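Following: one structure in structure tokens, then a few remarks.
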Amino acid sequence: MLRNSSNGYGWIAIAFHWSMALMIVGMIGLGMYMHQLPLTDPATFALFQLHKSIGFVVLALTVLRLVWRLANPSPALPATMPTWEKAAAHLGHLGLYGLLFAIPLTGWLMVSASPWNIPTILFGAVHMPHLAVPEALGTKAEAETLFKDLHELFAWLLILLLVAHIGAALKHHFLARDGVLLRMLRPDRTAREMTQKTPGTAG
Numbered sequence: 002m003l004r005n006s007s008n009g010y011g012w013i014a015i016a017f018h019w020s021m022a023l024m025i026v027g028m029i030g031l032g033m034y035m036h037q038l039p040l041t042d043p044a045t046f047a048l049f050q051l052h053k054s055i056g057f058v059v060l061a062l063t064v065l066r067l068v069w070r071l072a073n074p075s076p077a078l079p080a081t082m083p084t085w086e087k088a089a090a091h092l093g094h095l096g097l098y099g100l101l102f103a104i105p106l107t108g109w110l111m112v113s114a115s116p117w118n119i120p121t122i123l124f125g126a127v128h129m130p131h132l133a134v135p136e137a138l139g140t141k142a143e144a145e146t147l148f149k150d151l152h153e154l155f156a157w158l159l160i161l162l163l164v165a166h167i168g169a170a171l172k173h174h175f176l177a178r179d180g181v182l183l184r185m186l187r188p189d190r191t192a193r194e195m196t197q198k199t200p201g202t203a204g
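Take 2 as the starting number for the sequence shown in this note's numbering and just add one per residue.
Right, dumping it as structure tokens:
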């Protein structure tokens with residue numbers, strides 16, 4: 002039940018999904034709140050450090066989740082789904098993975114390019130180095146603005162994809178009733194039940 006099967010997800014994939022979902026929603030809310038704070042606010046520095054720290058955790062989990070997914074292919078979508086809907090689902094997942102890489106990386110580059118030269122200290126303990134920013138992007142301030150704009154754009158795109166993702170999950174559960182949502186709520190028991198059945202034990 003740890004690994005995915007042809008019928009459903011295992012506990013590891015489910016844990017990746019929901020832990021990252023909670024962090025992403027929290028990061029979006031925190032980012033919107035931080036956007037309203039003046040830089041002179043005493044809470045700003047601590048909140049920015051927390052935002053960056055969780056961002057690095059999300060980036061690391063995205064890498065691990067992608068590796069796990071490559072080693073444990075997702076269960077097939079229901080055969081009753083139209084071809085266009087299956088294509089949209091695959092594109093949506095690709096978009097989510099792409100943004101989960103792009104958002105933390107543009108944030109890291111934004112901090113690296115900032116003329117303020119503010120350090121990034123993960124959870125107050127680990128110093129993260131700044132990335133090299135190409136000189137072709139202009140001054141530090143110009144590069145910071147570019148990455149800030151991209152960071153915000155990608156965040157809004159992520160919100161749109163999340164809304165579509167949640168809407169599709171609810172549609173599968175309440176309208177199609179095909180069990181797609183339930184696969185991410187509980188692991189597939191088929192594999193475990195098959196392993197528990199041995200010849201000669203019936204009856």
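By construction, the Cβ of each residue, glycine as well, lies at the ideal position given by its N, Cα and C atoms.
Keep in mind it's a predicted model, so treat the numbers as computed, not measured.
State the beta-bridge partners of residue i as determined by DSSP.
{"i": "L123", "result": "V127"}
Answer yes or no: do residue i and residue j have a C-beta to C-beta separation smaller than 7 Å?
{"i": "A155", "j": "A114", "result": "Reading off the sequence, residue 155 comes out as Phe, not Ala. Cβ atoms of F155 and A114: not closer than 7 Å."}
{"i": "H152", "j": "G108", "result": "yes"}
{"i": "G9", "j": "L3", "result": "no"}
{"i": "S54", "j": "L123", "result": "yes"}
{"i": "A170", "j": "L159", "result": "no"}
{"i": "T121", "j": "V112", "result": "yes"}
Within 10 angstroms of its Cβ, does residue i collect 16 or more other Cβ (buried), or is it exposed?
{"i": "V26", "result": "exposed"}
{"i": "M33", "result": "exposed"}
{"i": "P79", "result": "exposed"}
{"i": "H173", "result": "buried"}
{"i": "S6", "result": "buried"}
{"i": "P200", "result": "Caution is warranted here: a pLDDT of 44 is assigned to P200, below 50, making its placement in the model unreliable, and the coordinate value is therefore given only provisionally. Exposed: under 16 other Cβ atoms inside 10 Å."}
For residue i, tell me which candidate among the options has the shortest Cα-Cα distance.
{"i": "A149", "options": "I15, L110, M185 and D179", "result": "The residue asked about is misnamed: residue 149 is Lys in this sequence, not Ala. Here the closest residue by C-alpha is L110."}
{"i": "A61", "options": "T140, Y98 and V181", "result": "Y98"}
{"i": "K141", "options": "N118, K53, L123 and P130", "result": "N118"}
{"i": "M129", "options": "P43, H166, Q50 and S75", "result": "Q50"}
{"i": "A22", "options": "T81, H166 and H91", "result": "H166"}
{"i": "L162", "options": "A72, L95, E143 and H174", "result": "L95"}
{"i": "A177", "options": "P188, A126 and T81", "result": "T81"}
List in chain order: all unbroken alpha helix (DSSP H) runs of 4+ residues lying wholly within the segment 75–122. 84–114
Start-end ranges of the alpha helix (DSSP H) lying completely within the segment 146–185, minimum 4 residues: 181–184
Quick check on the DSSP output: what are the complete beta strand (DSSP E) runs of length 3 or more inside the segment 7–80, in order along the chain? none
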